[in-house]
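Position 196 (the sequence shown) corresponds to 196 in the numbering used here; numbering is contiguous.
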Amino acid sequence: MRAEIIAVGTELLLGQIVNTNAQFLSQELASLGIDVYFQTVVGDNMDRLRQAIQTAESRADVLIFSGGIGPTQDDLTKEALASVLGRGLHYDRMAMDNIDRFFQGRNIPMTENNRRQAHAIDGSTPLPNETGLAVGNAIAHNGKFYVVLPGPPKELMPMFRNQAATWILQHVLTHKQPIYSKMLKFAGIGESALETRVLDLIEKQSDPTVAPYAKESEVTLRITTKANSESEAMAKLEVMEKEISSRLGDHLYATEDVPIEKTIVDMLTELNLTVSCAESCTGGLLMETITSIPGSAAVFHGGIVCYSNEMKEKLLNVPHDMLEGENAPGAVSAETAKVLAEQVRMIVDTDFGLSITGVAGPGYSERKPVGLVYIAISRRGQDTAVFELNLKGNRETIRIRSAKTVLYHLWRQLKETAGR
1 MRAEIIAVGT ELLLGQIVNT NAQFLSQELA SLGIDVYFQT VVGDNMDRLR QAIQTAESRA
61 DVLIFSGGIG PTQDDLTKEA LASVLGRGLH YDRMAMDNID RFFQGRNIPM TENNRRQAHA
121 IDGSTPLPNE TGLAVGNAIA HNGKFYVVLP GPPKELMPMF RNQAATWILQ HVLTHKQPIY
181 SKMLKFAGIG ESALETRVLD LIEKQSDPTV APYAKESEVT LRITTKANSE SEAMAKLEVM
241 EKEISSRLGD HLYATEDVPI EKTIVDMLTE LNLTVSCAES CTGGLLMETI TSIPGSAAVF
301 HGGIVCYSNE MKEKLLNVPH DMLEGENAPG AVSAETAKVL AEQVRMIVDT DFGLSITGVA
361 GPGYSERKPV GLVYIAISRR GQDTAVFELN LKGNRETIRI RSAKTVLYHL WRQLKETAGR
């Protein structure tokens with residue numbers, strides 16, 4: 001079964017609200033074994049809405065609508081669908097009673113336009129609204145299936161889970177074969193490089209399927225299969241996961257959809273180790289990233305934002321002649337990154353000290369190019385590791401990639417410590 005989600009509302013096209021309903025519906029439909037092939041957003045216009053419905057009918061078996069069933073004249077979803085199907089509209093008695101009770105209970109006169117929320121397409125199954133007033137609709141017509149839901153997520157979500165999903169199982173699916181997915185998270189490798197190493201698995205489109213997704217400085221592979229049971233699905237997914245891990249194990253930091261900082265905090269906790277940070281060009285972003293994870297207080301003991309050379313000298317004991325002078329390495333250098341990491345580790349008294357110093361841009365600093373960044377990891381009792389980065393992108397991208405890269409190299413050290 002192929003599905004298309006049609007989100008109705010000019011406010012979506014204007015960017016005034018985010019279409020979170022599409023994400024929710026895609027996940028719920030996948031759990032029922034229905035593939036979402038298309039998502040459409042259309043404004044509050046009768047002609048364009050009818051056209052969107054007709055287009056969806058040409059390429060999908062199941063059409064799921066969200067929005068456009070409220071009380072105002074621009075709420076047109078039911079009217080447009082009824083027109084395309086050649087059916088009329090009527091008032092659903094239970095929905096109308098619910099609307100009457102709502103206004104009577106608040107001692108507010110009901111305006112006539114609120115009756116629109118009780119509209120139902122002739123021959124449809126009404127879907128009661130547990131948290132709002134607009135009734136939903138579900139209807140089968142000429143081999144196609146249509147489900148009409150309200151726009152507010154607090155109304156749409158319970159209506160789908162408690163009403164629409166049951167209707168779909170009874171009318172659309174002869175048996176339930178859910179889609180199961182597993183997310184593999186990678187760091188320290190770009191999307192194109194990762195894709196090259198698993199391109200045969202992506203192009204093969206076998207079962208399970210493999211698809212890449214990229215976020216800032218992290219890449220995800222989603223492996224997906226259909227199965228009659230979770231145990232059957234997990235067995236198939238595990239085989240594919242092992243194959244991918246054999247190729248990309250040095251970058252695979254998690255087998256669930258979590259950021260690398262969550263993995264870092266978990267590993268530090270497990271190993272009873274602590275960390276501190278000294279940041280220049282990232283201005284505290286690395287520390288914010290770590291402390292955004294619940295439980296990080298047990299492993300993160302503190303840090304210093306040393307944006308100026310003066311603070312590098314005063315707070316972290318970087319020698320003046322290392323920062324200033326004709327032949328000085330400068331603040332943006334491997335030497336300075338090393339001192340920063342070692343000093344913050346000793347000052348805060350942690351097992352690891354992390355540092356970042358570089359040029360985030362947009363202008364040059366110390367006659368050094370934008371994107372030149374040095375990071376360092378100092379570990380108690382071991383030599384300090386320093387890495388030179390040459391990053392592309394705008395200021396924010398460079399800062400994010402710098403922080404994520406430090407965490408990747410810390411993860412590599414923790415993985416070695418844990419013997420994984």
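Yeah, the Cβ is synthetic: ideal placement off N, Cα and C, and Gly gets one too.
- DSSP places Ser276 in the uninterrupted beta strand (DSSP E) bounded by Val275 to Glu279.
- In the DSSP annotation of this structure, the continuous segment of the beta strand (DSSP E) that includes Arg2 starts and ends at Arg2 to Val8.
- Within the DSSP secondary-structure output, Arg222 pairs in a beta bridge with Met183 and Ala211.
- Val36 carries a strand assignment under DSSP once its states are collapsed to helix, strand and coil.
- In the assembly as shown, Val239 is an exposed residue. Its beta-carbon has fewer than 16 other beta-carbons within 10 Å.
- Proximity to Asp207 across Val359, Glu218, Arg222 and Ser355 peaks at Arg222, based on C-alpha coordinates.
- Its chain contains Arg222 and Thr224 as the residues whose beta carbon lies nearer than 6 Å to that of Ser181, once the 5 sequence neighbours on both sides are disregarded; these appear in chain order.
- DSSP, reduced to helix, strand and coil, places Ile53 within a helical segment of the structure shown.
- In the three-state scheme derived from DSSP, where H, G and I count as helix and E and B as strand, Pro150 is classed as coil.
- Between Met234 and Thr40, the alpha-carbon positions lie close to 32 Å from each other.
- Rounded to the nearest angstrom, the gap between the Cα atoms of Val359 and Gly393 is 12 Å.
- Here the alpha carbon of Thr289 sits roughly 7 Å from the alpha carbon of Glu261.
- Val42 sits away from Met1, with the two beta carbons spaced by 8 Å or more.
- Ile69 is positioned such that its CB atom lies no closer than 8 Å to that of Leu25.
- Comparing alpha carbon positions, the residue from Thr397, Arg379 and Gln382 closest to Val373 is Thr397.
- Residue state for His301 is assigned as strand, using DSSP reduced to three classes.
- Less than 8 Å separates the beta-carbon of Ala95 from that of Gln117.
- When the five nearest sequence neighbours on each side are left out, the beta carbons in the same chain lying within less than 6 Å of the beta carbon of Ile293 are those of Glu261, Lys262 and Val265, in order along the chain.
- For Ala418, the uninterrupted alpha helix (DSSP H) segment begins and ends at Arg395 to Ala418.
- When secondary structure is reduced to three states using DSSP, Val18 falls in the coil class, being assigned neither helix nor strand.
- Counting C-beta atoms within 10 angstroms of its own C-beta, Gly353 has 16 or more neighbours from the protein chains shown and is therefore classed as buried.
- In this chain, the beta strand (DSSP E) harbouring Ile356 covers Phe352 to Gly358.
- When Cβ pairs closer than 8 Å are counted between the two stretches, the region 87 to 101 is seen to touch the region 121 to 131, the count reaching three or more.
- DSSP places Thr77 in the uninterrupted alpha helix (DSSP H) bounded by Thr77 to Leu85.
- Close CB contacts of Val305 within its chain, under the 7 Å cut and outside five residues either way in sequence, are with Glu279, Gly283 and Gly284 (chain order).
- Under DSSP, the beta-bridge partners assigned to Arg379 are Phe352.
- Apart from the 5 residues on each side of it in sequence, Gly330 sits with its Cβ closer than 6 Å to the Cβ of Glu366 in its chain, given in chain order.
- In this structure, DSSP gives Ile139 an extended state, which the three-state scheme calls strand.
- Rounded to the nearest whole angstrom, the C-alpha separation of Gln104 and Thr72 is 20 Å.
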